[in-house]
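Novice:
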Amino acid sequence: MSFRRIALVALCIVLAACSKVNQENFSKLKTGMLKSEVEDLLGKPAECSGALGFSSCTWGDDKVFISVQYAGDKVLLFSGQGLK
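FYI, the numbering for the sequence shown is -23 to -1, 1 to 61, going by mature numbering (1 follows the signal peptide of the UniProt record, and there is no 0).
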């Protein structure tokens, strides 16, 4: 195995371990938090949608994710799946 391939595998492992989509950060979410506070904690969301003052944003993928629903700019509900 070449050094380049080993370095790439090591980088992928480190990046996966540094994911902000984890149980520790999920436990820091609170109803009423500002959207900017959530993004400071989790980073930019992978996906957002919404209408009429309500929105929903998701971090992660289809197996491991955190989903946050907002009313205006404040957290209304949140959920997670597959968190470690």
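Yeah, the Cβ is synthetic: ideal placement off N, Cα and C, and Gly gets one too.
Just so it is clear, the structure is predicted and the values come from calculations on it, not from any experiment.
With a threshold of 8 Å on Cβ separation, who are the neighbours of Lys5 within its own chain once the five nearest residues in sequence on each side are excluded?
Specialist: As a position in the sequence shown, residue 5 is number 28, starting the count at 1. Closer than 8 Å at the Cβ level, and outside the excluded window around Lys5, lie Leu18.
Novice: For Gln58, which option in Gln46, Phe42, Arg(-20), Ser26 has the closest C-alpha, if you only look at C-alpha atoms?
Specialist: Start at 1 with the first residue of the sequence shown, and residue 58 comes out as number 81. Of the listed residues, the one whose Cα sits closest to Gln58 is Phe42.
Novice: Please list the terminal residues of the continuous alpha helix (DSSP H) segment that includes Lys12.
Specialist: Working through the sequence shown from its first residue, we reach residue 12 at position 35. Per DSSP, Lys12 belongs to the alpha helix (DSSP H) from 12 to 19.
Novice: Hey, would you say Gly30 sits closer than 8 Å to Gly49, going by beta carbons?
Specialist: For the purposes of this step, residue 30 is taken as residue 53 along the sequence shown, with counting starting at 1. For the purposes of this step, residue 49 is taken as residue 72 along the sequence shown, with counting starting at 1. Yes, these two residues count as a Cβ contact at 8 Å.
Novice: Cutting at 8 Å between CB atoms, please list the residues of its own chain near Leu60, excluding the five before and the five after it.
Specialist: Reading the sequence shown from its first residue, position 83 is the one you call residue 60. Excluding positions up to five away in sequence, the list reads Val(-3), Asn(-2), Gln(-1), Phe3, Val41, Ile43.
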